[in-house]
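Everything on this sheet refers to the single structure shown next.
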Amino acid sequence: MQKTINIQNKKARFQYEILDKYTAGIVLTGTEIKSIRSSKASIAESFCEFNDNGELFVVNMTIQEYAFGNYYNHKPKATRKLLLNKRELKKLNKEVQNSGLTIIPLRLFINDKGYAKLDIALAKGKKLYDKRETIKDRDNKRNLDRIKKIYK
220 MQKTINIQNK KARFQYEILD KYTAGIVLTG TEIKSIRSSK ASIAESFCEF
270 NDNGELFVVN MTIQEYAFGN YYNHKPKATR KLLLNKRELK KLNKEVQNSG
320 LTIIPLRLFI NDKGYAKLDI ALAKGKKLYD KRETIKDRDN KRNLDRIKKI
370 YK
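Numbering (the numbering used here), first residue to last: 220 to 371.
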């Protein structure tokens, strides 16, 4: 029985309005996947961008060096290639270039077959008043739940 890995980008849902979600494979080396299996990764400040060939890469994703790795250890902040269908890549590239949206990683996990996957989202940045509105809605919901709990 293997431990489930579920590394999330908690600030993403607060800072961005999520429009569309995708699950992408990620190209990793041996020491990188071993570090991810021991939950030594962070996607908090990362984002995705296209290169000149239309390939999608995740930038600023931190995977700590593997503790038992030697000379062949990886770089912690290297850019890593994401694997999607060609149709999905073209759609995402068109959306990013035309409408100024961004692609952000939401969750890094390991699937049933043992492959590392990255949930990415096509997102639009929230304005400050949208963030305040989100906080207000969350507080109102919390207060309503408290009141309901009291009167049950």
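A virtual CB, placed ideally from N, CA and C, is assigned to each residue, including glycine.
Please read all numbers here as calculations on a predicted model, not as lab measurements.
- Non-local beta-carbon contacts of residue 259 in its own chain, meaning distances under 6 Å to residues more than five positions away in sequence, involve 283 in chain order.
- Looking only at 352, 231, 357, 299, the smallest Cα-Cα distance to residue 268 is reached by 299.
- Non-local C-beta neighbours of residue 262 in its own chain, meaning closer than 7 Å and more than five positions away in sequence, comprise 226, 228, 280, 324, 327, ordered along the chain.
- Scanning the stretch 262-296 from its first residue to its last, the whole beta strand (DSSP E) runs of 3-plus residues come out as 266-269, 275-278.
- Where residue 249 is concerned, there is no enclosing beta strand (DSSP E), although the alpha helix (DSSP H) around it starts and stops at 249-256.
- DSSP, reduced to helix, strand and coil, places residue 358 within a helical segment of the structure shown.
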